[in-house]
Amino acid sequence: LATAHAKDDMQAGAQYQGAASAVDPAHVVRTNGAPDMSESEFNEAKQIYFQRCAGCHGVLRKGATGKPLTPDITQQRGQQYLEALITYGTPVGMPNWGSSGELSKEQITLMAKYIQHTPPQPPEWGMPEMRESWKVLVKPEDRPKKQLNDLDLPNLKSVTLRDAGQIALVDGDSKKIVKVIDTGYAVHISRMSASGPYLLVIGRDARIDMIDLWAKEPTKVAEIKIGIEARSVESSKFKGYEDRYTIAGAYWPPQFAIMDGETLEPKQIVSTRGMTVDTQTYHPEPRVAAIFA
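Residue numbers (full-length UniProt numbering): 1 to 293.
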């Protein structure tokens, strides 16, 4: 990746070659063979990629359920081809981001440029970062020991409000919203604890929220962020270990975290990076996609 962040005109002149570019040379991102992008354009595209693309194509763009989008492939296709692909999608499952109105023409142009650049290396997320993000909002000893509300908990639904970064708790009979609770971005899964009082939700941004359903009204009691991108969380349900642990898996970094079942205090992180079982080649992004208990 040839990325130039020029600090003065001399640096910019030394790094700049070829025809005139509309991109300010003082704040330019360059990859050989890819269209120039400003830093702000690159950062905007990086955010769109995380929200709309990384789940299928992978954080490193090496492919997952979707095809790889590395520069050797995308540059060969060219800007016009990529814009058409993003606009209209494919018959095998890629969404039609443009014709559906999800992305504007300008955003599609931006994304077609972005995927021709070398993918930026995402940051790691280890125990120091987890502990810094960890919050106990209500201590276990201060939580109710029995249900203090009249909610029909077996019939309560947790509905993801994706782009709002919230969930709605909905009564299954009346269909009325009981409460809307702020969560991480685009909650992917809601899971009940074995003993009943807690609802665990995890956003695509890898933030876990623990919600106490026994309180007078459903209340968030703990939260933690276990990575950059994630999909799954679960509580221990094996006899004798009910709710002792919470486990969550991340897409990035490729790892899973084991936490205390009442407070979400992080206890252990296990990386899933390693050799593939077939060709015995190193895989940098084996994602933890589902956890069952």
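For each residue, glycine too, the CB sits at the ideal point set by N, CA and C.
This structure is a prediction, so every number in the text was calculated from the model and none was measured.
Supposed contact pair residue j and residue i - C-beta distance, whole angstroms, cut 8 Å
i           : j           : result
residue 222 : residue 263 : 6 Å
residue 116 : residue 71  : 6 Å
residue 233 : residue 208 : 5 Å
residue 261 : residue 246 : 5 Å
residue 270 : residue 256 : 5 Å
residue 266 : residue 259 : 5 Å
residue 215 : residue 229 : Not confirmed; about 30 Å, so no contact.
residue 45  : residue 114 : 4 Å
Span of the beta strand (DSSP E) around residue i
i           : result
residue 174 : First-last for residue 174: undefined, no H or E at that position.
residue 131 : No beta strand (DSSP E) contains residue 131, which is instead part of the alpha helix (DSSP H) from 127-133.
residue 267 : 266-271
residue 250 : 245-252
residue 259 : 255-260
Paired residues, beta bridge with residue i - DSSP
i           : result
residue 166 : 161 and 182
residue 198 : 212
residue 108 : Bridge partners of residue 108: none, in fact.
residue 203 : 187
residue 220 : 211
residue 275 : 282
residue 233 : 248
residue 192 : 199
residue 156 : 171
Alpha helix (DSSP H) segment containing residue i, residue limits
i           : result
residue 86  : 79-88
residue 228 : Looking at the DSSP string, residue 228 is not in any alpha helix (DSSP H), and its letter there is neither H nor E.
residue 40  : 39-52
Same chain, Cβ closer than 8 Å to residue i, neighbours up to 5 away in sequence not counted
i           : result
residue 173 : 152 and 155
residue 281 : 275
residue 190 : 158, 160, 167, 199, 200 and 201
Neighbourhood of residue i by C-beta distance below 7 Å, restricted to the same chain and skipping five residues each side
i           : result
residue 217 : 149 and 179
residue 242 : 194, 195 and 236
residue 48  : 107 and 111
residue 41  : 110
residue 119 : 60 and 61
residue 140 : 262 and 263
Proximal residues to residue i (C-beta, below 6 Å), its chain only, five neighbours per side dropped
i           : result
residue 27  : 38 and 39
residue 203 : 183, 184, 185, 186 and 187
residue 295 : Outside the displayed range of the chain (1 to 293) lies residue 295, so it cannot be described from this structure.
residue 133 : 224 and 225
Distance cut-off 7 Å: residue i Cβ against heavy atoms of the ligand ADP
i           : result
residue 116 : Because no ligand of any kind appears in the structure shown, any question about the ligand ADP cannot be addressed here.
Minimum Cβ-Cβ distance from residue i to chain B less than 8 Å
i           : result
residue 237 : Reference to chain B is not applicable here, since this structure consists of a single protein chain.
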